[in-house]
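Undergrad: This is the structure I have questions about; it appears just below.
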Amino acid sequence: MSLTKAIFPGSFDSIHKGHIDIIKRASKLFDVLYIVVSINTDKKQSNLEKRFLEVKDKIKSLKLKNVFVEKNNSLTVDFAKKYKCQYLVRSIRNELDMKYEIDLAQANYYLNNKLETIFFVSDPLLKKISSTGMKSISKTIKQLKK
Numbered sequence: 017m018s019l020t021k022a023i024f025p026g027s028f029d030s031i032h033k034g035h036i037d038i039i040k041r042a043s044k045l046f047d048v049l050y051i052v053v054s055i056n057t058d059k060k061q062s063n064l065e066k067r068f069l070e071v072k073d074k075i076k077s078l079k080l081k082n083v084f085v086e087k088n089n090s091l092t093v094d095f096a097k098k099y100k101c102q103y104l105v106r107s108i109r110n111e112l113d114m115k116y117e118i119d120l121a122q123a124n125y126y127l128n129n130k131l132e133t134i135f136f137v138s139d140p141l142l143k144k145i146s147s148t149g150m151k152s153i154s155k156t157i158k159q160l161k162k
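Numbers in our numbering are just positions in the sequence shown, counted from 1, shifted up by 16.
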């Protein structure tokens with residue numbers, strides 16, 4: 017019997033409670049879950065290696081035996097092929113996310129129709145959390161402390 021393998025790609029700049037919630041939930045469904053720290057060309061991000069190490073430390077603290085952290089600077093579908101993953105985990109917080117995620121899932125399906133996208137709806141208490149919002153708040157706090 018083959019293992020069910022999934023990837024949860026993202027920029028994770030920075031990793032937050034919303035991400036952790038999805039990781040914990042997804043880890044219960046798959047034999048292996050790869051958290052893939054990637055580059056998003058549409059976002060201004062901190063260094064890939066720095067984000068990778070931050071995510072790796074956070075995941076290690078969760079003690080999830082079937083969750084592994086990798087970094088990727090190529091297409092998600094190429095990573096999935098290399099690691100023989102059948103599923104792609106994505107999360108949806110709201111209607112805007114849904115439109116974006118459906119378009120992305122269709123593009124990924126076009127590139128690799130053996131890779132199924134599985135959507136997780138965010139916990140209602142966590143849906144307002146975003147990495148971009150957290151960075152903005154952090155920047156504001158730093159400026160106020162000056």
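We treat Cβ as the ideally placed atom computed from N, Cα and C, and that holds for glycine.
1) Can you name the start and end residues of the alpha helix (DSSP H) that F95 belongs to?
2) Do you know offhand how far H32's Cα is from N129's?
3) Taking just the CA atoms, how far does V93 sit from L64?
4) Helix, strand or coil: which one does DSSP assign to I38?
5) Does the segment 74–81 come close enough to the segment 90–104 that 3 or more CB-CB pairs lie under 8 Å?
6) Looking at C-alpha atoms only, which residue of L141, L112, I108, D139 is the closest neighbour of T133?
7) By the 10 Å Cβ neighbour count, where 16 or more other Cβ atoms means buried, how is Y116 classified, buried or exposed?
8) Does DSSP classify K130 as helix, strand or coil?
9) Use the C-beta contact count for N56: other C-beta atoms within 10 angstroms, 16 or more gives buried, fewer gives exposed.
10) Just to confirm the assignment, what range does the alpha helix (DSSP H) spanning L78 have?
11) Between the Cα of S29 and the Cα atoms of V48, A96, L69, I39, which residue gives the shortest distance?
12) Indicate the three-state DSSP secondary structure (helix, strand or coil) for N88 in the structure shown.
13) Going by DSSP, what residue range makes up the beta strand (DSSP E) through S54?
TA: Short version:
1) It spans 92–98 - the alpha helix (DSSP H) in which F95 sits, taken as one unbroken run.
2) Each residue's Cα considered, the two are about 30 Å apart.
3) The straight-line gap from Cα to Cα measures roughly 19 Å.
4) Helix, per DSSP.
5) Flag = no, the segment 90–104 and the segment 74–81 do not touch.
6) Among L141, L112, I108, D139, the Cα nearest to that of T133 belongs to I108.
7) The residue is exposed, with fewer than 16 neighbouring Cβ atoms inside 10 Å.
8) K130: coil per DSSP, three-state reduction.
9) Residue burial annotation: N56 is exposed, with fewer than 16 other C-beta atoms found within 10 angstroms of its C-beta.
10) Note, L78: alpha helix (DSSP H), 64–78.
11) The residue you asked about is not Ser; residue 29 is Asp in the sequence shown. When each option's Cα is compared against that of D29, the closest is L69.
12) Secondary structure at N88: strand, using DSSP grouped into helix, strand and coil.
13) Residue range 48–54 is occupied by the beta strand (DSSP E) that includes S54.
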